[in-house]
Structures are given as C-alpha cells and as structure tokens.
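Here the structure is laid out as structure tokens; the discussion comes afterwards.
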Amino acid sequence: MKSWTKWIILLALFIMSIINFAEKSITGLAGTHIMNDLDLTSTQFGIVASSFFWLFSIAGIIGGSLSDRLGTGKLLAIMAIIWTISQSMVLFVSSLPLLIFSRVLLGAGEGAFSATAVSHISKWFKPESRGLAISILNFGNVVGIAVTAPLLVFLISNYGWKQAFFISGIFSFAWFICWLWLGRLKPPVSLAEEVSKQESNQKINRKDIGKALRSPVFIFTTLTSFVAYTLIVFGLTFNPSYLNKVKGLSEQQTAIVIAISGLIGAILGMVLAIISDRLYKKTQSLWKSRTLFTAICAILAGILYSIYPLVNGSGPIIIILSLVNTLVVTINTLNPTAVTSLLPERRGVMTGTYYGVMSSSGIIAPIIFGKFIQDSGANQAGGFSASIYGMSVAMIFAAILMLLFVKQKRQISTGKRDNEIVNL
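Here numbering that gives the first Met the number 0 is used: the first residue of the sequence shown is 0, the next is one more, and so on.
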C-alpha cells in the first residue's frame, strides 16, 4: 500500500474533526437567537449546553472499549449517522425539551470520536510521529470553529438557527458516504502486525487496567485535561455572548475573532507538538517531553486566561485567545499520548476513559457559568469574569499537582508486563 494512504485517512478524520467541532460550536454561536426564540434564561441555556455532555462522557468510555471489539472504522461510520440525525431534527424543534434531546443525542454520538479517531490513527502512524498526527487531528477541531464560524453566523443571521443546524447534518451525511470506501482501507502490514502483536501478546485483565487507571500519570494528566476542557466548553457556549454583550463586538466581528484566534492557536499548537515529539525522540522521556511540557503549558494558559477580562478591542483579544488556544491545543494533543503509553494493548479503553473523564467537565461547567452570569444581574461582566478567573486558578492548580505527583523517575508497569515499562 502506498505511503500516502495514511495521509488520506488522516485527512478524512481531519475533516470529520472539523464537522465535529462545528456541530459543537453552533449552539454557542446561535445562543442569542436560541434564547430569544425559545425565551430561555442564561441558566436554562446553560442546561442546554450541559445536556450535550450528559451522555458524552459515558459514550466516550463505552465507545473506546467498543472500538477495540467492533473496529474503529465501523464505529466512526455509526457516529456520523448519529450526528446527521441529531442535527437534522433541530429543524423541527419548538420547545426546550426537544432541543435538549437533540443535544443529548449528538453528545452520545460524538463522545467516542476523539478516542476512536486517535486509536484509528495509531494503527497508521508509528509512535514517533503520532504526536504530529494527533496534533493535525486536533487542528481539525479548531478549524471546525475557525473556518465554519463565519459561515455558521451567516447562515444563522440570514436563514435561521434551525436551518444552520440542518445544513451541518448534511455535511455529516456526506462524510459518511465517503467513509464507506475509505473505512475499508487497511494499514501497512508492518504496522498492522505491530498493533496486532500489542493487542494479542497478552490478555490484559481488569486488574491491569485498574492499575493503569489508578497511576499518578493517568490521574493527574486527566485532571489537567479536565480543567483545560472547561476553557473549551466556555468557548463553545458562552464566549460568543461574552464578546457580544461585554466586549461590544458584533456577531460578524465575534466570528472573525474566534476564527483568527482559533487558526493561530491550532498552527502554533502543531509547532509545539512537533517540538515535543523531537524532545521525546531525543530523550525517550515521557516526563520531559509530555508531562513537564504540558504542565508548563497549563500554567501559562491559566496566567494568560486571567488577563482576558482586562483586555478590550479585537486586536488584544485575538492575541490573548490565540495564545490560550495554542496552549490548550497542546495539552489536548500531548496528554493522550502519555495515557496510551500506560497500556498500549488497550489503547481504546485508555483513551476512551481519558476522554470520558476529561469531557465530563462539560456537564457541570456550563450550568455554573450560566448561574454566575444570571446571578450577576445587570453586571453580567462580573459573572463572565468570575467564570474566567475560576478556570484560570483551577488550570494553574492542576498543573502544579501534575508536577508534584507525576515523578520523573517513576516507572509504570502492569502485573504480567514487568519487562514492559514506561519510563517517565
């Protein structure tokens, strides 16, 4: 099989990632219209945003395990169909319960995407190049907001928010049709044998999995990602309203700010991922190339995000959001590689659990954000600022815990694999 085939597969997943994040972000971009049309309070809108994550985390854990049995290619196809149905049905939404149901269904369909996509990529790319491959996949997440935000705002403003949801469902269906062919492609024999050997070399029992999940590497790496994901959730749900109502930007200006800062963040995030990959190649140390690297990124992200409420004007806002996006993208790119290294034979379970726990922050965070904003009354800026400062402090605290408890000299092993250790 030609060497460029893996890049075709990565391109397909990259496009699916764009669709994935566009469908997440459309609720935030249409937030003002949805609240006005359905007469919702900020807290109720927070519940709408939260509902997406009600089954998202569970689906991530279950889906990661299913990908080990059903196959990542088939699971990706099933997810695309669920996305199509959930987005298309919004065209008929006329009440809060039905809107919540559509978001719950979409969350169930998207929960396992990241874990499944990372697992699928791992079958095509060697360990030393997976950081770059995953960063490209994550680049699709940001492009999903950056490229589609102006388009979605245009559709929402000119044709209505329900029609914009429906059109996004059409894109999911188009991807599904293409994947019917691409999903049948198999990785090179050498990589297939490597993956097969890892998966069948030894039967990993629940005790082995439990040991890996209880390790400081998994706990504190996932905690940092959990907090980092609240920044993403805020960006998807309340940041567009924040830019409109507090920063005084128009809908089109908001879309442009989100697009530019997202693209810059994604590109710089890829650069940092390449640097991390090279550091790993040179040192063969996960602690230096992943743990220390992401902890520094998390601390910087917390500091920079705390400056966000203090700046005004499109230029300064773009600079702050670009830098924060860069650091968050890097965290979400590198942390999965550290998690999967704990138990390569069950990468589906490991990534599924990781993404499930990480994304569970989306269940409670939007409701808290909405409550802060609603309780602030006329001073909505105070409610937004309280949310942002809270996330900033939590980000720094999580990074410090990672540095304290994930030791450089620690070695991870699981029961029967005493000769197979991960050097941190």
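Just so it is clear, CB atoms sit at the ideal spot from N, CA and C, and this is done for glycine as well.
Close-in-space but distant-in-sequence residues of the same chain around A325 (CB under 6 Å, 5 per side omitted): The sequence given here has Thr at residue 325, not Ala. Same-chain partners within the cutoff: G264, L267, G268.
Same chain, Cβ closer than 7 Å to V424, neighbours up to 5 away in sequence not counted: Residue 424 is absent from the structure shown; the chain starts at 0 and stops at 423.
Where V245 sits in the DSSP three-state scheme: coil
CB of A29 within 8 Å of CB of I155, strictly: yes
Other residues of its chain near A380: CB distance less than 7 Å, five sequence neighbours each side excluded: V245
Of the listed residues Y158, S359, T26, I18, nearest to P239 (C-alpha basis): T26
Sufficient close CB pairs (3 or more, under 8 Å) joining the segment 7 to 18 to the segment 157 to 174: yes
Where F52 falls, given that 16 or more other Cβ within 10 Å makes a residue buried: buried
Three-state class that DSSP yields for N378 in the structure shown: coil
Cβ contact (3+ pairs, closer than 8 Å) linking the segment 97 to 111 and the segment 65 to 83: yes
CB-CB length for L333 against G139, believed under 8 Å: L333 to G139, Cβ: 17 Å. No contact.
Secondary structure of W53, DSSP reduced to three states: coil
Best match in G234, K281, I33 for proximity to A258 [C-alpha to C-alpha]: G234
Cβ distance (whole Å) where T115 is taken to contact L179 below 8 Å: Incorrect: roughly 17 Å between the Cβ atoms, too far for contact.
Cβ contact check for the segment 277 to 284 and the segment 387 to 396: 3 or more pairs under 8 Å: Segments in contact, no.
Boundaries (first-last residue) of the alpha helix (DSSP H) holding V92: Looking at the DSSP string, V92 is not in any alpha helix (DSSP H), and its letter there is neither H nor E.
When V89, I274, T339, T71 are compared against P126, the one with the closest alpha-carbon: T339
L37 beta carbon less than 8 Å from that of V103: no
Euclidean distance between Cα positions of L9 and H119: 9 Å
A79 (DSSP reduced to helix, strand or coil): helix
Buried versus exposed call for F91 [16 or more other C-beta atoms within 10 Å across all chains shown]: exposed
Alpha carbon of S101 to alpha carbon of V47, nearest angstrom: 10 Å
Same chain, Cβ closer than 6 Å to I7, five either side skipped, listed in chain order: none
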